[in-house]
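For the sequence shown, UniProt numbering begins at 1 and goes up steadily by one. Here is the structure we will look at, set down as structure tokens.
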Amino acid sequence: MEIEFPNLEYLHLSGNDESTASTIAAWRRSSFPWKLRFPKLKELVMYRTGSAIPLLECAALPSHMDMIRIHATESVLRYVSGLTLPDANELRVGTDHRDPEEADDAAEGAGAEVPAVIAAACRILERAQRAEELVLNIEGNWPRVQPEHITATSITQLIISPVTRVEVMLGMLQRLPCLSYIHFWHLNAEVVEADLSLPGPDEDCAIEPLHTAITTISMHATGYHSSQENSADVAKYLLLKIPTLTGLYAKLTVEAPVMEFVKAYSKRYPRLLNVDLVLAKEGSW
Numbered sequence: 001m002e003i004e005f006p007n008l009e010y011l012h013l014s015g016n017d018e019s020t021a022s023t024i025a026a027w028r029r030s031s032f033p034w035k036l037r038f039p040k041l042k043e044l045v046m047y048r049t050g051s052a053i054p055l056l057e058c059a060a061l062p063s064h065m066d067m068i069r070i071h072a073t074e075s076v077l078r079y080v081s082g083l084t085l086p087d088a089n090e091l092r093v094g095t096d097h098r099d100p101e102e103a104d105d106a107a108e109g110a111g112a113e114v115p116a117v118i119a120a121a122c123r124i125l126e127r128a129q130r131a132e133e134l135v136l137n138i139e140g141n142w143p144r145v146q147p148e149h150i151t152a153t154s155i156t157q158l159i160i161s162p163v164t165r166v167e168v169m170l171g172m173l174q175r176l177p178c179l180s181y182i183h184f185w186h187l188n189a190e191v192v193e194a195d196l197s198l199p200g201p202d203e204d205c206a207i208e209p210l211h212t213a214i215t216t217i218s219m220h221a222t223g224y225h226s227s228q229e230n231s232a233d234v235a236k237y238l239l240l241k242i243p244t245l246t247g248l249y250a251k252l253t254v255e256a257p258v259m260e261f262v263k264a265y266s267k268r269y270p271r272l273l274n275v276d277l278v279l280a281k282e283g284s285w
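Okay, here's the thing in structure tokens:
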């Protein structure tokens with residue numbers, strides 16, 4: 001039996017399930033009695049609806065779409081990575097929390113699951129042929145996310161929820177040359193091991209830029225006072241070392257030292273005046 005949705009352009013499915021390898025095996029043993037056709041579908045969003053993933057196998061979708069977004073557990077992402085998705089202008093893939101079945105034997109902080117879930121998401125993104133925007137959203141309390149875990153080096157946007165150290169942030173910026181936007185929900189700048197030293201505003205010396213063409217960085221420092229103070233040094237470093245930067249949003253970074261830096265350095269580096277800055281005013285953090 002075939003069911004056609006001749007005029008449907010937007011299909012957004014959301015839920016709260018945590019599909020695992022066992023539930024996926026059950027889907028594959030069952031048969032779906034209908035062939036669903038969506039000849040005009042432009043956007044498909046599947047957010048935490050692992051039980052609806054078989055739709056991707058039984059549905060006839062257009063060969064090209066505006067946007068596909070899939071946010072799911074590791075098991076579901078591994079399943080989807082083996083499917084052939086339509087081409088899309090924008091492909092967004094998000095990692096959910098770890099699968100309960102696969103977390104029982106994992107030591108807290110071991111980090112073994114991190115490459116697995118991110119690798120599954122990256123495989124989906126790596127198969128995209130014509131996407132203009134490739135977005136990876138890493139959610140969940142994954143320990144020790146590292147730059148080398150992200151093998152889809154053509155992604156254009158990266159959003160990271162787990163706590164991230166400054167050194168890891170800098171590594172990701174340089175590993176992912178196609179990034180235009182990156183957001184860190186929890187940037188830990190309490191202890192900074194990276195060398196953030198910069199020349200004085202009047203020193204006549206060349207500054208070696210970071211190997212990135214990113215335009216927008218958004219970062220939230222963790223709640224520690226020292227982290228928020230140190231993130232001001234991080235902001236200064238990014239401003240001077242990334243010539244392509246047009247927006248820096250750091251709402252938990254104290255404003256005064258960064259603005260003083262911009263004022264002092266803008267005579268030699270006038271591009272700093274063109275960066276859209278959103279910082280925390282004194283007493284608001």
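Here a beta-carbon is modelled for each residue, glycine too, at the ideal position from N, C-alpha and C.
Tell me the DSSP secondary structure of residue i in three-state form.
i      : result
Leu279 : strand
Gln157 : strand
Ala60  : strand
Gly200 : coil
Val145 : coil
Met259 : helix
Met1   : coil
Ala106 : In this prediction, Ala106 scores a pLDDT of 40, lower than 50, which makes its location untrustworthy; no coordinate-derived value is stated.
Ser180 : coil
Ala120 : helix
Gly111 : Bear in mind that the predicted position of Gly111 carries a pLDDT of just 46, short of 50, making it unreliable; the figure below should be weighed with that in mind. It is coil, neither helix nor strand.
Lys40  : coil
Asp66  : strand
Give the C-beta separation of residue i and residue j to the nearest angstrom, bearing in mind that I take them to be a contact with Cβ-Cβ under 8 Å.
i      : j      : result
Leu134 : Val166 : 25 Å between Cβ atoms; not a contact.
Thr156 : Cys178 : 5 Å
Leu85  : Val45  : Not really, about 13 Å apart at Cβ, beyond 8 Å.
Ala194 : Ala221 : Going by Cβ atoms, the distance from Ala194 to Ala221 rounds to 15 Å, so no, they are not a contact pair.
Ile214 : Thr244 : 6 Å
Ala121 : Val93  : 5 Å
Is the separation between the beta-carbon of residue i and that of residue j shorter than 8 Å?
i           : j      : result
Phe38       : Ala59  : yes
Thr246      : Ser231 : no
Leu55       : Leu36  : yes
Leu210      : Ile242 : yes
Val278      : Lys251 : yes
His64       : Asp96  : no
Leu273      : Leu239 : no
residue 289 : Ile70  : The structure shown does not extend to residue 289, since the chain spans only 1 to 285, so no value can be given for it.
Drop a sphere of 10 angstroms on the beta-carbon of residue i, count the other beta-carbons inside from all chains shown, and report buried for 16 or more, exposed for fewer.
i      : result
Glu2   : exposed
Leu125 : buried
Lys263 : exposed
Gly50  : buried
Met172 : buried
Met259 : exposed
Ser197 : exposed
Starting from residue i, trace the beta strand (DSSP E) in both directions and tell me its first and last residue.
i      : result
Ser218 : 216-221
Tyr269 : Looking at the DSSP string, Tyr269 is not in any beta strand (DSSP E), and its letter there is neither H nor E.
Arg92  : 87-95
Could you check where the alpha helix (DSSP H) with residue i kicks off and where it finishes?
i           : result
residue 308 : A question about residue 308 goes unanswered here, because the residues of the chain that appear run from 1 up to 285.
Glu167      : 166-175
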